[in-house]
Amino acid sequence: MPLSKSLLQGVAEATCVGILTTDDQLQITSWNHWLETNSKMSAANVIGQSLLEVFPELRARRLDRYYHQALGGQMVVLSQVLHGYLLPFRTDIPGAGEANMQQTSRIAPVVEKGRVVGTVTVIEDVSERVIHETALRARAREQATLAELSQRALVGGDFATLAKESVQALAILLDVPHHQIHLLDCEGRSTVTGENQAPPFIRTLCDFTSKAIEPVVIDDVAAESRMAFPSNAPFVSAVSVPVFRGKKPYGILVLHKSVRQGFSDETVRVLQSVANMLGFAVEREHLEQQLRHRAESLAEEAQRKDEFLAMLAHELRNPLAPIRNAVQIIRMKGFASPSVQQANEIIDRQVQQMVRLVDDLLDVSRISRGKVQLRIEKTDLNSIVARAVESVRPLIDARKHELTLAMAMPTVWLNGDSARLVQILSNLLNNAAKYTDSGGRLWLTAERSGDDAVLRVRDSGIGIRSDLLPKIFDLFVQSDRDLDRSEGGLGIGLTLARRLVEMHGGSLSATSAGLGLGSEFVVRLPALVESERISETASGGETRKIPPAARRRVLVVDDNVDAAASLAMLLQLQMHEVHLAHDGQSALAEAEKFRPEVIFLDIGLPGMDGYEVARTLRRKIGHEDLVLVAMTGYGQEDDRRASQAAGFDGHLVKPADLAAVSGYLKHVNFE
Amino acid sequence: MELSENQKDALTELINIAFSRTAASLSDLTGNRVELDVPEVSIHPIKELCEALARFVQGDVATVHQIFTGQLAGDALLLLNHDGAATLVGMLTGIHPSGSRLGASSKEVLTEVGNILLNACLGIFGDILKIHFSFTVPRLHLEALGHLLDSLTIGKEGLHYALLVGAKFKLQVNEVTGCLVIVLGVASLDHLIKAIEGWAESAVSPTDGRH
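Same order as they appear, the protein sequences are chains A and B.
Using our numbering, you'd call the opening residue of the first sequence number 736 and step up by one each time.
Using our numbering, you'd call the opening residue of the second sequence number 88 and step up by one each time.
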């Protein structure tokens, strides 16, 4: 049922949209109240007029074709996005500025009895929606930009590059040329260019903002009373936000324009967000630099410490050699009285202790510098246990401890440096004995656990404080106690033990229930599978045999007069003929004259070192059967290879054991 | 009912003309060169429409729907995947809807584009049939495909067929695929196809102007 004309008219007047009708000549036939209000044209003035003459813009914008389409019977939809508006009306909506009302429209044919007799146009004001959508899109772009810049700031990297990218991103976001945005530090230097190029007016703004510690907005520089700008300041409006590095002011971020313009809260907020992000980034870069410097300093310090330890240990070895020799001499000469014997034994023990301490110190230093090489061979856990127990047995017995031993049955095979493994276990047993009161109990267990060879050393001793437990393997850490420290120590043993275990691909851990409740140390090492058997390691090296003789001609060369004299004395007591030399040239001269059979040659000679002396001797004819033994504080694989390369037949580490020295006088072999 | 090869060719040619007009309108509106290809044309009983549409659209679809009345009556629809609809709006306006929702402005653009395309197609049919259609105001729906198809069948008596035309919108390197669907009763469809055949025959066999 068709609606009555009066009803349709009532609807048209009451509605919140514009409704206009035309005849088939596009003469306006109705103009509702909404249109009157928004066009400021009364219905009386427009009805009967040609729509295209009342609004000539329709032709200019080619929108008249849509009316002709409608007159052709087609429905027309005109979206705001593609057309903006149909009829040019002003709008009072805040934020619209000078723009016309934004509209969405429909133009429909009016059909009567199958014939198009006119058009009806419905117009809706969508200005608010457009402003809202535009703001939403701007906000989304802003958030995307800030998110991207924040991500870059978090990742780290060069701050100047980030600053440059931030200025460029801001310029795009705020739709301004990038030269109107500045990032300056407190000195007025541009962070983007690195140069002090900021114009004077920016410096003025920088100084003020840094003091204000909040955004400064200047809508019109001519009306600005807070700061004095030069008269030729090439900007009219500006907003400046402070940039903080942590809590300290870093500089400012400035946007300036050459037109008078109020800056919205959103613009200030975007600038401040970017400023905050830049402040975070510059603080981060500063902290990273500090950390790097600190790490470099620490690395240098560690290296200096390692080198010092190496030098210290090496230097400490030198005096020990003659002392040890003197002990041997006194023993061989016989003791005048029991007290002399006792004193001699005390000296011997203390020298051995010092040798151990110096060896540990050198080992820790070498391991830190990556200079320790393991001599890996197949070995078994039980033999390691036996040798370690043997070495610590004197201390265990002296302190009257009860040692409970549980060997692995069957033994567990593993790849390792057996000397070092004995050293590790001896170290742990030594500590257990040392830190347990006399008459205590020690337990040593060797077993296989899964794929691991496991050694457990447990004691009923003083235990370890819970706060100390995490640091127990750190260098130079000892439990601070007032107990008798007669056994002494440098706090190196556990550090050394752990590092050696880790070099074997294993782990060393410690547990303790607390002070007075004992402790347990567990070594885990990769075990070999059951089917693997030990294989004899071939011993290489040249062997130069000397037929046993009661007396040898021996030349001792050492620039340390005491060391040379004491060794000479020992050898003379063994009935050998001994000559001395204290430098390389003297050694060569003496070798020519004396024609020794064996030369114990110190490496560290002044001027011509021991290697050079050895090489020279080997080049000379007539010394082919000469046995050369290097005497040095260095005993690593590299050192032994260097000795061999120079022509030495043997390599002894100071202070050399008399048995080792004597051995060379019977049989020479490179280990 | 199946289309013969000749009928299919004729229909495709007509749709091409309509699509060319649509592309020209969109190019003029947007200032960018828009192309509209016709991949294929087919006819399906409305019960089989869902399966046939699956090659073009799935899940949630954006549909511009116009009902036409007169000597021929039925429904004309432009269907796009939801994502495709957002892409098409972005291609034509440079405004890319954020998130998964199409805003009011984007919906208006889709309605206008759909209106242009449906008007062009039905206008072509009206020209060859020499009849006028009356159209309702086009409406945009965002819903699951199933709901849309249900709404097409509710209240319809008798056998109905759907003329299905794939549509590929292209702008620079971007393209969006949708489809045009015209739902008619069997009698209306028969009338339309016969008229198209007649048009095709007159196009290939022009009358001889000599006396």
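All residues carry an ideal CB built from backbone N, CA and C; glycine is no exception.
DSSP beta-bridge partners of N1079(A): N1079(A) pairs with nothing; no bridge assigned.
Beta-ladder partner(s) of M962(A), from DSSP: Paired residues: none, contrary to the question.
Per DSSP, cross-strand counterpart(s) of Q153(B): A163(B)
Can you find the residues in the same chain that come closer than 7 angstroms, C-beta to C-beta, to R1104(A), ignoring five residues on each side of it along the sequence? Cβ neighbours of R1104(A) beyond the five flanking positions: D1041.
Within the chosen definition, does the segment 1116-1128 of chain A reach the segment 1245-1257 of chain A through at least 3 CB pairs nearer than 8 angstroms? no
Local conformation of G233(B) per DSSP, three classes: Correct three-state label for G233(B): helix.
In or out: T174(B) buried (at least 16 other Cβ within 10 Å) or exposed? buried
Chain-ordered residues of the segment 1018-1035 of chain A with a beta carbon less than 9 angstroms from chain B: none
Beta-bridge partners of T1114(A), as assigned by DSSP: Per DSSP, the beta-bridge partners of T1114(A) are L1149(A).
Between T1114(A) and the rest of its own chain, which residues show a CB-CB distance below 6 angstroms, the 5 nearest in sequence each way excluded? If we look at T1114(A) and ignore the five residues flanking it on each side, its Cβ neighbours are G1151, S1153.
Within 10 angstroms of its Cβ, does E66(B) collect 16 or more other Cβ (buried), or is it exposed? Chain B is shown only over 88 to 298; residue 66(B) falls outside these bounds and no answer can be derived.
Touch test, the segment 1022-1035 of chain A against the segment 1003-1011 of chain A, Cβ-Cβ under 8 angstroms, three pairs minimum: no
Going by DSSP, what residue range makes up the alpha helix (DSSP H) through D799(A)? 799-806
Would you report the Cα separation of L1400(A) and H1386(A), rounded to the nearest angstrom? 13 angstroms
For G1175(A), which residues in the same chain have their Cβ closer than 8 angstroms to its Cβ, ignoring the five residues on either side in sequence? R1134, H1136, E1137, D1194, S1195, G1196
Mind checking whether D1337(A) and D1294(A) have CB atoms under 8 angstroms apart? yes
Runs of beta strand (DSSP E) wholly within the segment 1225-1261 of chain A (minimum 3 residues, chain order): 1242-1247, 1254-1261
is_contact[I182(B), chain A] using C-beta, thresh 8 angstroms: It does: the Cβ of I182(B) has a partner Cβ on chain A nearer than 8 angstroms.
Return yes when the Cβ of L1393(A) is within less than 8 angstroms of the Cβ of L1305(A), no when it is not. In contact: L1305(A) and L1393(A) (Cβ atoms closer than 8 angstroms).
Taking C-beta to C-beta, are A1349(A) and L1363(A) nearer than 8 angstroms? yes
Pair within 8 angstroms by beta-carbon distance, E1372(A) and Q1108(A): yes
To the nearest angstrom, report how far apart E1255(A) and M1089(A) are at their CA atoms. Across the structure, E1255(A) and M1089(A) are spaced so that their CA atoms are roughly 27 angstroms apart.
Test item: CB-CB of I211(B) and I104(B) under 8 angstroms: yes
With DSSP collapsed to three states, give me the class of E1401(A). The question names Glu, but residue 1401(A) in the sequence shown is Lys. It is helical.
With DSSP collapsed to three states, give me the class of Q838(A). Collapsing the DSSP output to three states places Q838(A) in a strand.
Mind listing which residues of the segment 91-123 of chain B have their C-beta closer than 8 angstroms to chain A's C-betas, in chain order? Sequence-ordered contacts of the segment 91-123 of chain B with chain A read L116, T117 [C-beta pairs closer than 8 angstroms].
Determine whether the Cβ of M836(A) lies closer than 8 angstroms to any Cβ atom of chain B. no
So is K1169(A) buried or exposed if we call it buried at 16+ other beta carbons inside 10 Å? buried
Please confirm whether L116(B) and M178(B) have their CB atoms less than 8 angstroms apart. no
Residues of chain A with a CB under 7 angstroms from the CB of G190(B): which are they? E868
Tell me which residues share the same chain as E1406(A) and place their Cβ nearer than 6 angstroms to its Cβ, disregarding the 5 neighbours each side in the sequence. In this prediction, E1406(A) has a pLDDT of 38, which is less than 50 and means its spatial position is unreliable; what the coordinates show is noted afterwards. Excluding positions up to five away in sequence, the list is empty.
Determine the chain A residues that contact T198(B) at a beta-carbon separation under 8 angstroms, and present them in chain order. V812, S814
Straight-line CA distance for G1370(A) to K1206(A)? 30 angstroms
Where the alpha helix (DSSP H) containing Y1346(A) begins and where it ends: 1345-1354
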